[in-house]
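Numbering (full-length UniProt numbering), first residue to last: 13 to 465. Idealized CB from N, CA, C, for every residue including glycine. All values derive from a computational prediction rather than experimental measurement. Written out below as structure tokens is the structure these notes cover.
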Ligand code: PA5
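Listed below in structure tokens is the structure:
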């Protein structure tokens, strides 16, 4: 019902120009020429990073894989400290690609991979205290694999208070457990940080044996395909090469295909035109499955922190359906006409489809015998179609991003699609998507309150 086709063809030229500008940054950076200060490329290193890593740049992939294997073989619990872009990407990968009850499973059922805990992403005394207690009560014999734990601390700047404070606290707990002079005290802590900064200095001073760099030119929320996401993902047994291949393929698609055949440009154009011409500045990422909730939260950060500047930028909102059809669904169907709903449709489940059993005579009060034999994915499909139809009948726009299934390759494609879309939309609307100057205000105030300077 939305007459965006005409506007779309008028936008095509600008869209291609925005895409070409974003990719020109990459060429400029990789040309090897001296670049004048005024022409320094934006923080767009994420664009060709998957391809560079797959092509063997700095042997980083091999190093990540061998260090991940060695950590995996030595610990049964991995505590990952990080916040924002140093946290959300891994969380999205973990929830999408590991078993939903990963931490509850036996080590064998986890494929020999450690359990995972996140900290340093908040200032929440209760959750931190619970994790410290859990480690204390569950881990009693440092020689037993089942009782061993380690830390991966991730901070590009090294100066983020939430992560730095958590690191100090968990480091002390780890040193108390294994002994400050034990090999474990330096071997079971893996810092992932920038080439310079406080965490880099601390790592050098404490002599951590294994560290990974976060390259300059890749911004925090665009860093999931650096060691930030790749190292802990590899420790969890995620196929990081498939992940990178999906991302590299999406980049190539975006670089070469024209609007109309290009999922990145089509997504940007649809969202942009509905915002510009119809005032729809709320972007609902409607994920059809629990495994994708953190992907939505990762995208919330990506969009909000990248384009929410100069009193502009759409507002992201993640929902998990069908769950949230029973909460936000009412507003999406009949509330303000201020939103575009982008469905992420997960495709085939990783597990065998579960069928609805036939109830015996006399116990069909729920009237489900009419659909006995149908599977949960079939019910989900009916919900997706029914919801899209209901929105369409009321002239409420939706877009569908369809995955064949949730696996490492498709997650690589999906995350790269959103990062490219955000960078290109920034070019299109004249907003630098990199950096987050607005986040400094609270940090400065907090610093003044805490340190008095
Ligand atoms: O996108 C960003 O750059 C931010 O969200 C950062 O990732 C976040 O503030 C954490 O920063 P750091 O990795 O320096 O601790």
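Sequence-distant Cβ neighbours of residue 440 in its own chain, meaning closer than 8 angstroms and more than five residues away, are 26, 27, 30, 280, 284. Closer than 7 angstroms to some heavy atom of the ligand PA5: that does not describe the Cβ of residue 156.
Take the alpha-carbon of residue 207 and the one of residue 227: they are about 7 angstroms apart. For residue 95, the Cβ falls inside the 7 angstroms cut-off from some heavy atom of the ligand PA5. A contact is defined here as three or more CB-CB pairs under 8 angstroms, and the stretch 318-337 fails this definition with respect to the stretch 120-138. Residue 59 and residue 361 have their C-alpha atoms roughly 29 angstroms apart. Looking at the DSSP output, residue 354 sits in a beta bridge with 297, 411. Listed in chain order, the alpha helix (DSSP H) runs fully inside the stretch 87-154 are 100-109, 137-150, counting runs of at least 4 residues. Remark: C-beta atoms of residue 89 and residue 229 do not approach each other more closely than 8 angstroms. DSSP, reduced to helix, strand and coil, places residue 438 within a helical segment of the structure shown. Per DSSP, residue 201 is not a residue of any alpha helix (DSSP H); the beta strand (DSSP E) it occupies stretches across 201-205. Between the alpha carbons of residue 409 and residue 221 lies a gap of roughly 53 angstroms. Annotation for residue 380: no alpha helix (DSSP H) segment contains it, and DSSP assigns it neither H nor E.
Distance between residue 55 and residue 236, taken at the CA atoms: about 14 angstroms. DSSP places residue 224 in the strand class (E or B) of the three-state scheme.
Within a 10 Å sphere around the beta-carbon of residue 126 sit 16 or more other beta-carbons, which makes this residue buried.
The beta-bridge partner set that DSSP reports for residue 328 consists of 295. Per DSSP, residue 418 has no beta-bridge partner at all. Of the candidates 310, 264, 324, 259, the residue whose Cα lies closest to the Cα of residue 291 is 324. For residue 240, there is no enclosing beta strand (DSSP E); the enclosing alpha helix (DSSP H) covers residues 239-247. Here the alpha carbon of residue 415 sits roughly 5 angstroms from the alpha carbon of residue 358. With a cut-off of 7 angstroms, the C-beta of residue 208 is classified as distant from the ligand PA5, since no heavy atom of the ligand falls inside that distance.
The criterion of a C-beta distance shorter than 8 angstroms is satisfied by residue 380 and residue 368. Look at residue 166 here: in three-state DSSP terms it is strand. With fewer than 16 other CB atoms across the displayed protein chains lying within 10 angstroms of its CB, residue 268 is exposed. Three or more Cβ pairs closer than 8 angstroms define a contact, and the stretch 259-275 meets that threshold against the stretch 428-438. Per the C-alpha coordinates, the member of 223, 366, 248, 94 positioned closest to residue 173 is 94. For residue 131, the distance from the CB to the nearest heavy atom of the ligand PA5 is not below 7 angstroms. The stretch 198-212 and the stretch 170-187 touch, with no fewer than 3 CB-CB distances between them shorter than 8 angstroms. Excluding sequence positions up to five before and after residue 129, its CB lies within less than 6 angstroms of the CB of 91, 143, all in the same chain and listed in chain order.
By the criterion of a C-beta distance shorter than 8 angstroms, residue 66 is surrounded in its chain by 73, 253, 256, 257, 260, once the five residues flanking it on both sides are discounted.
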